[in-house]
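See structure below.
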Amino acid sequence: MAEGGGGARRRAPALLEAARARYESLHISDDVFGESGPDSGGNPFYSTSAASHSSSAASSDDERERPGPPPPPPPGAPDAQEAEEDEAGAGWSATLRDRPPPRFEDTGGPTRKMPPSASAMDFFQLFVPDNVLKNMVVQTNMYAKKFQERFGSDGAWAEVTLTEMKAFLGYMISTSISHCESVLSIWSGGFYSNRSLALVMSQARFEKILKYFHVVAFRSSQTTHGLYKVQPFLDSLQNGFDSAFRPSQTQVLHEPLIDEDPVFIATCTERELRKRKKRKFSLWVRQCSSTGFIIQIYVHLKEGGGPDGLDALKNKPQLHSMVARSLCRNAAGKNYIIFTGPSITSLTLFEELEKQEIYCCGLLSPRKSDCTGLPPSMLSNPATPPARGQHRIKMKGNMSLICWYNKGPFRFLTNAYSPVQQGVIIKRKTGEIPCPLAVEAFAAHLSYICKYDDKYSKYFISHKPNKTWQQVFWFAISIAINNAYILYKMSDAYHVKRSGHPPGAGAGAAPRLHVPAGALSVALAQQGTASS
Numbered sequence: 009m010a011e012g013g014g015g016a017r018r019r020a021p022a023l024l025e026a027a028r029a030r031y032e033s034l035h036i037s038d039d040v041f042g043e044s045g046p047d048s049g050g051n052p053f054y055s056t057s058a059a060s061h062s063s064s065a066a067s068s069d070d071e072r073e074r075p076g077p078p079p080p081p082p083p084g085a086p087d088a089q090e091a092e093e094d095e096a097g098a099g100w101s102a103t104l105r106d107r108p109p110p111r112f113e114d115t116g117g118p119t120r121k122m123p124p125s126a127s128a129m130d131f132f133q134l135f136v137p138d139n140v141l142k143n144m145v146v147q148t149n150m151y152a153k154k155f156q157e158r159f160g161s162d163g164a165w166a167e168v169t170l171t172e173m174k175a176f177l178g179y180m181i182s183t184s185i186s187h188c189e190s191v192l193s194i195w196s197g198g199f200y201s202n203r204s205l206a207l208v209m210s211q212a213r214f215e216k217i218l219k220y221f222h223v224v225a226f227r228s229s230q231t232t233h234g235l236y237k238v239q240p241f242l243d244s245l246q247n248g249f250d251s252a253f254r255p256s257q258t259q260v261l262h263e264p265l266i267d268e269d270p271v272f273i274a275t276c277t278e279r280e281l282r283k284r285k286k287r288k289f290s291l292w293v294r295q296c297s298s299t300g301f302i303i304q305i306y307v308h309l310k311e312g313g314g315p316d317g318l319d320a321l322k323n324k325p326q327l328h329s330m331v332a333r334s335l336c337r338n339a340a341g342k343n344y345i346i347f348t349g350p351s352i353t354s355l356t357l358f359e360e361l362e363k364q365e366i367y368c369c370g371l372l373s374p375r376k377s378d379c380t381g382l383p384p385s386m387l388s389n390p391a392t393p394p395a396r397g398q399h400r401i402k403m404k405g406n407m408s409l410i411c412w413y414n415k416g417p418f419r420f421l422t423n424a425y426s427p428v429q430q431g432v433i434i435k436r437k438t439g440e441i442p443c444p445l446a447v448e449a450f451a452a453h454l455s456y457i458c459k460y461d462d463k464y465s466k467y468f469i470s471h472k473p474n475k476t477w478q479q480v481f482w483f484a485i486s487i488a489i490n491n492a493y494i495l496y497k498m499s500d501a502y503h504v505k506r507s508g509h510p511p512g513a514g515a516g517a518a519p520r521l522h523v524p525a526g527a528l529s530v531a532l533a534q535q536g537t538a539s540s
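For what it's worth, the working numbering labels the leading residue of the sequence shown as 9, then goes sequentially.
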């Protein structure tokens, strides 16, 4: 970094370097993604020309919301001065005051030091240990026995063992590496076949385990939750996440992108595609924004057409607030800063979380957000659009409502950043755009989420069963693998093995980006016993 000299001639470069240093301190570390590069095309704050198109939902929403000149006010409507007085009576004021950021003295990162010799299996078993796998073995055998008592004996079935269960999981994980049309392609003679894995277990044996596979075989008399067949596994996974990692201060609440497998999309019929798109649950996460580690998972299940159903969840911000409360239930008292999207951002929720010493910074959309209690003058667009980089701010207590302009209005609600502190959005080609510090911080974290969706979501297990609990299970396993990979990249084992390839994997078996997943599928499969 260039030094800020004392002469007037070097003063401007010194200020620019200081701005860039502050921005880089807020920006997300890219080490977890390997060689990612500087591209931020999915971030609306980085558009460089009028012809640029952003893939961000926030950008498209605000483009749709940008109206023409406002209509004349109806007869009897209060004038601007009366509206200002009403907002002042509600506590909102254009007079800004500085406030210190929430103190955070904890050191985030892994809670245990893994040895340099640690394997991909060691990191995975931090979250899915042998006792959890043994329970899957017991429950699968119980279900197979009960199924045959009811529907007739199956002479080809033999009780599954722990080594076979590990091999079974290894086969399923391999679909996240090769994105094959079906896991059964392993035994085919085509492009996705893998002879070394195919010799570990026969296709017939794999299909039998897949038929009877269960995490919880039977509903207990006290269980009413629709995910009872997978909830114990989710609870165990959550305990593993909590004990293995301490998050940084800044975190994000969002729905991770879950794409259908591209080969499936290309080969299925239109009817199959419509059927597969109708998932009966919504998956939300709380994620450490400096590493990408997913701290907590929340699954909202569609249970009928009531007010808590998935359709209502997608249309009612108050139900999104319920999701946020559930994801933050273990975060109280730690001065975390949570970044949220428009569907979660609301004054009521942020004030409630602030009482628990959880601070927020969220993008606000008049169309998608719960705008109760917010000043109407900040939610309407002026007849003449302001210049890029200009902003208006109103404050109520520690809460700031920011309206910042960059090819349209972007609104933010925050109690985590001082409204008088200035930041800058560094663009790839044309320089910097001034903005409040909260906007700078949000832009950095939004850029991270785009990168996470672009990279890690491509390695979700491609198997798409019809049972909802099985879909949730495989998504949860995918998140466990991604978290294990993140811990691996933060360990000494990564630096020791960085230039190597997973044992037993061919040149095209596992992309370099996600080597531990390839090594994990091989390690699990090779622990299986050959059966016919």
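Glycine residues also receive a C-beta, built at the ideal position from the N, C-alpha and C atoms.
Since we're looking at a predicted model, the values are computed, not measured.
Given this structure, state the Cα-to-Cα distance separating residue i from residue j, to the nearest angstrom.
{"i": "K342", "j": "E365", "result": "6 angstroms"}
{"i": "N338", "j": "K497", "result": "26 angstroms"}
{"i": "L588", "j": "A452", "result": "Because the chain in this structure spans residues 9 to 540, residue 588 falls outside the shown range and cannot be described."}
{"i": "S377", "j": "F301", "result": "27 angstroms"}
{"i": "S388", "j": "Y306", "result": "34 angstroms"}
{"i": "L207", "j": "W195", "result": "9 angstroms"}
{"i": "L192", "j": "V223", "result": "22 angstroms"}
{"i": "A102", "j": "F253", "result": "41 angstroms"}
{"i": "Y31", "j": "S298", "result": "Low confidence applies to Y31: its pLDDT is 42, below 50, so where it sits in the model is not reliable, and the reading given next is rough at best. If I take the Cα positions, the gap works out to 14 angstroms."}
{"i": "C430", "j": "F450", "result": "The amino acid occupying residue 430 in the given sequence is Gln; Cys does not appear at that position. Roughly 13 angstroms separates the two Cα atoms."}
{"i": "Q147", "j": "T476", "result": "18 angstroms"}
{"i": "V428", "j": "G349", "result": "23 angstroms"}
{"i": "E95", "j": "T356", "result": "16 angstroms"}
{"i": "G163", "j": "G234", "result": "32 angstroms"}
{"i": "A175", "j": "T183", "result": "13 angstroms"}
{"i": "E215", "j": "L205", "result": "15 angstroms"}
{"i": "D106", "j": "S408", "result": "11 angstroms"}
Bridge partners of residue i, per DSSP?
{"i": "P118", "result": "F253"}
{"i": "L372", "result": "R419"}
{"i": "L309", "result": "F289"}
{"i": "M150", "result": "M150 pairs with nothing; no bridge assigned."}
{"i": "L261", "result": "R294"}
{"i": "F548", "result": "Summary: the structure shown does not reach residue 548, with the chain confined to residues 9 through 540, and so no result is reported for it."}
{"i": "I302", "result": "Q295"}
{"i": "S101", "result": "M403"}
{"i": "D130", "result": "Bridge partners of D130: none, in fact."}
Helix, strand or coil: which one does DSSP assign to residue i?
{"i": "I469", "result": "coil"}
{"i": "G178", "result": "helix"}
{"i": "L409", "result": "strand"}
{"i": "Q478", "result": "helix"}
{"i": "P442", "result": "strand"}
{"i": "H233", "result": "coil"}
{"i": "K142", "result": "helix"}
{"i": "D94", "result": "helix"}
{"i": "R400", "result": "strand"}
{"i": "V191", "result": "helix"}
{"i": "V223", "result": "coil"}
{"i": "G431", "result": "strand"}
{"i": "I352", "result": "coil"}
{"i": "D378", "result": "strand"}
{"i": "L532", "result": "helix"}
{"i": "P393", "result": "coil"}
{"i": "K363", "result": "coil"}
{"i": "L497", "result": "Residue identity check: residue 497 is Lys in the sequence provided, not Leu. In this structure, K497 counts as helix in the three-state DSSP scheme."}
{"i": "G248", "result": "helix"}
{"i": "N490", "result": "helix"}
{"i": "Y502", "result": "helix"}
{"i": "E113", "result": "coil"}
{"i": "V447", "result": "helix"}
Classify residue i: buried if its beta carbon has 16 or more other beta carbons within 10 angstroms, exposed otherwise.
{"i": "R203", "result": "exposed"}
{"i": "N8", "result": "Summary: the structure shown does not reach residue 8, with the chain confined to residues 9 through 540, and so no result is reported for it."}
{"i": "E113", "result": "exposed"}
{"i": "L532", "result": "buried"}
{"i": "G97", "result": "exposed"}
{"i": "K219", "result": "exposed"}
{"i": "N247", "result": "exposed"}
{"i": "N423", "result": "buried"}
{"i": "S541", "result": "Not covered by the structure: residue 541. The range shown for the chain is 9 to 540."}
{"i": "F131", "result": "buried"}
{"i": "A527", "result": "buried"}
{"i": "V168", "result": "buried"}
{"i": "K142", "result": "exposed"}
{"i": "K402", "result": "buried"}
Cβ contact check for the segment 478-493 and the segment 237-244: 3 or more pairs under 8 angstroms: yes
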